[in-house]
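Quick note: the sequence shown, position 322, residue 408 per this note's numbering, numbers continuous. Glycine included, each C-beta is placed from N, C-alpha and C at the ideal position.
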Amino acid sequence: MRWALVKVCLAVTTMVVVAFAVPLGLVIKEMARDRAFSNAEREAAVVVPALSITTDRDQLERVVASAGSDDGMAVHLPASDGRAAVDLGPRRAADADIAAVRELGRVSTAEVPGGSALLQPVALSFGTAVIEVYVPESEVSNGVGTAWAVLAAVGAALVVGSVAVADRLGVRMVRPAQRLAEGAHELGEGRLGARVPEEGPNELRLAAVAFNSMADQVVQLLANERELAADLSHRLRTPLTVLRLNAASLGDSPAAEQTRAAVAQLEREVDTIIRTAREAKPQTAAAGPGAGCDAAEVVRERMAFWSALAEDEGRKVRVAGADRPVRIPVARADLAAALDALLGNVFRHTPEGTAFAVDVHNGEDAVIVLVSDAGPGIPDPEAAMARGQGSGNTGSTGLGLDIVRRLAESTGGDVRIGSSVLGGTEVRIWIQVDRQAGRAGREPGRRGHRGSVRRRRQGRRAVTFNRSRSLP
């Protein structure tokens, strides 16, 4: 916008300067010419009275000398009474020009070498005399060059001044727009304290006011959402307390211990949700140096929990790749919640007796966790990945896969849904271990689970899928 305004002002000012300077320069040139010929006419007017009185050569020479034009004036007397024509002074005009002036009887000019000649006729009793006044070219153009130089300097000053003024006006208009764009970018990156100074032109000032109002409303909406999440989570404590009391009275059987452990874990998750909502911190915040967990250990722990229910329903279970430590930059509770969401979907959306498996693949810069089953599969994976979409079944909110997606994307990875070797659904969780590789592989300009993540070829080759394994 700034340079566009400067270019427009430069073009307009240049056209205005040319439109006024060129005609003015031509007028000055014409005025200089008129001045030179006016001086010549005054010189010729000095000789006219003398010609009306006498035609004596000596007297006329004295008159011409007194006019101050010894070599620039000439008098041409016509022939009469057997007397030849007389020329006083240097003759520059052609005979045809002089004859034409005598015939027409009016002042005329003629081009001569080095300039022009003013030819003025004077009627005498025996004919028409012609006074010739030489006007050199230097006198005709006297002062024209200086005038043109002054006009050019004034025009250049006007152009430079207009460009400077346009640049300042452009800065005044562009800076508020730049601040507005920067504020929108900061707000888009999650810096909710971003605000824009309400200054500049009226339109941009109104835009800044609207932006600041929008940012305040976003902050208020997020605060209300956090409070609502905390309040809803707090309401769960009452039924949890009842469950904990009932679980305490179940005795010492393995099922009772598992129930009490599940209730205790549920209480911890509710407390975590409340604290996170109150502190306005995301659950899947980026892990710092040294943070994270052992994915293999978490997989073994959660599979041990779900194996009891799988045994009751007659499901075959397989775990692979969890025999060695696999470090990932994800909090233990987050990975456990993601696995519980996926395994819970297996139990919820597949018939009893359906087999499932969990595979852990450790690569150079990424870890892949595969959760597959032998169920009916998911007909529309994209719709299943949409937050809040759900499957349409009772008890399905569509948030389970979104939890898994946010876990993977917090490391620069992603989640894909496909068909498993067991014949059902396979959910692949790509957890990026090298964050720089994850940023380099992400397609620019796309965010969220709808943005595709491009992987480096060596990263794909590093993780080998062992799809030939079968269930025991």
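Check                                                                                                                                                                                       : Outcome
If you scan the segment 105-190 from start to end, which runs of the beta strand (DSSP E) of 3 or more residues do you find wholly inside it?                                               : 159-163 and 172-174
How far does the beta strand (DSSP E) with residue 378 in it reach, from first residue to last?                                                                                             : Run containing residue 378: none; DSSP gives neither H nor E here.
Would you report the Cα separation of residue 103 and residue 113, rounded to the nearest angstrom?                                                                                         : 15 angstroms
Taking residue 138 as the reference, give the member of 283, 117, 216 and 194 with the closest Cα.                                                                                          : 216
Within the segment 445-516, note down every full beta strand (DSSP E) run reaching 3 residues or more, in order along the chain.                                                            : 452-459 and 500-505
How far does the alpha helix (DSSP H) with residue 241 in it reach, from first residue to last?                                                                                             : 230-274
From the DSSP secondary-structure annotation, give me the bridge partner or partners of residue 442.                                                                                        : 403 and 459
Check each candidate in 121, 289, 211 and 98 and name the one with the smallest Cα separation from residue 258.                                                                             : 289
Taking buried to mean at least 16 other C-beta atoms within 10 Å of its own C-beta, is residue 207 buried or exposed?                                                                       : buried
Leaving aside the five residues before and after residue 490 along the sequence, list all residues of the same chain whose C-beta is less than 8 angstroms from its C-beta, in chain order. : 424, 427, 428, 501, 513 and 515
Leaving out five residues on either side along the sequence, give the residues of the same chain with a beta carbon under 8 angstroms from the beta carbon of residue 344.                  : 391 and 394
Assuming residue 305 and residue 266 form a contact by the criterion Cβ under 8 angstroms, report the distance between their Cβ atoms to the nearest whole angstrom.                        : So it is not a contact: roughly 18 angstroms between Cβ atoms.
Does the distance from the CB of residue 172 to the CB of residue 143 come in under 8 angstroms?                                                                                            : yes
Could you say which of 220, 261 and 212 lies nearest to residue 205 if we only look at CA atoms?                                                                                            : 220
What do you reckon, are the CB atoms on residue 463 and residue 438 nearer than 8 angstroms?                                                                                                : no
From residue 508 to residue 297, what distance separates their C-alpha atoms?                                                                                                               : 52 angstroms
Tell me which same chain residues have a C-beta within less than 8 angstroms of the C-beta of residue 411, skipping the five on either side of it?                                          : 380, 382 and 383
Using a Cβ distance threshold of 8 angstroms, determine whether the segment 250-257 contacts the segment 92-111, with at least three qualifying pairs required.                             : yes
Measure the C-alpha to C-alpha separation of residue 433 and residue 396 and round it to an integer number of angstroms.                                                                    : 8 angstroms
Would you mind working out which of 222, 187 and 107 sits nearest residue 121, comparing C-alpha positions?                                                                                 : 222
Have a look at the DSSP bridge pairing and note the partners of residue 413.                                                                                                                : 380
According to DSSP, is residue 100 part of a helix, a strand, or is it coil?                                                                                                                 : helix
Would you say the beta carbon of residue 214 comes nearer than 7 angstroms to a heavy atom of the ligand PLP?                                                                               : Absence of the ligand PLP from the depicted structure is noted, as is the absence of any ligand whatsoever, leaving it without description.
Tell me whether residue 283 is buried or exposed, calling it buried when 16 or more other Cβ atoms sit within 10 Å of its Cβ.                                                               : exposed
Cα-Cα, which of 454, 136 and 337 is closest to residue 493?                                                                                                                                 : 454
Which residues share a DSSP beta bridge with residue 201?                                                                                                                                   : 198 and 222
Grab the span of the alpha helix (DSSP H) containing residue 418 for me, first residue to last.                                                                                             : 418-435
If we ignore side chains and look at the alpha-carbon of each, how far apart do residue 407 and residue 281 end up?                                                                         : 49 angstroms
Using only the alpha-carbon positions, how far apart do residue 330 and residue 346 sit?                                                                                                    : 7 angstroms
On the DSSP bridge list, what partners appear for residue 213?                                                                                                                              : 210
Nearest CA to the CA of residue 511: which residue from 164, 149 and 444?                                                                                                                   : 444
Per DSSP, what are the beta-bridge partners of residue 306 in this structure?                                                                                                               : Its beta-bridge partners do not exist; DSSP assigns none.
Using 8 angstroms for Cβ pairs, my map puts residue 237 next to residue 105. What's the rounded Cβ distance?                                                                                : Incorrect: roughly 12 angstroms between the Cβ atoms, too far for contact.
Looking only at its chain, what residues have a beta carbon closer than 7 angstroms to the beta carbon of residue 241, apart from the 5 residues adjacent to it on each side?               : 103 and 107
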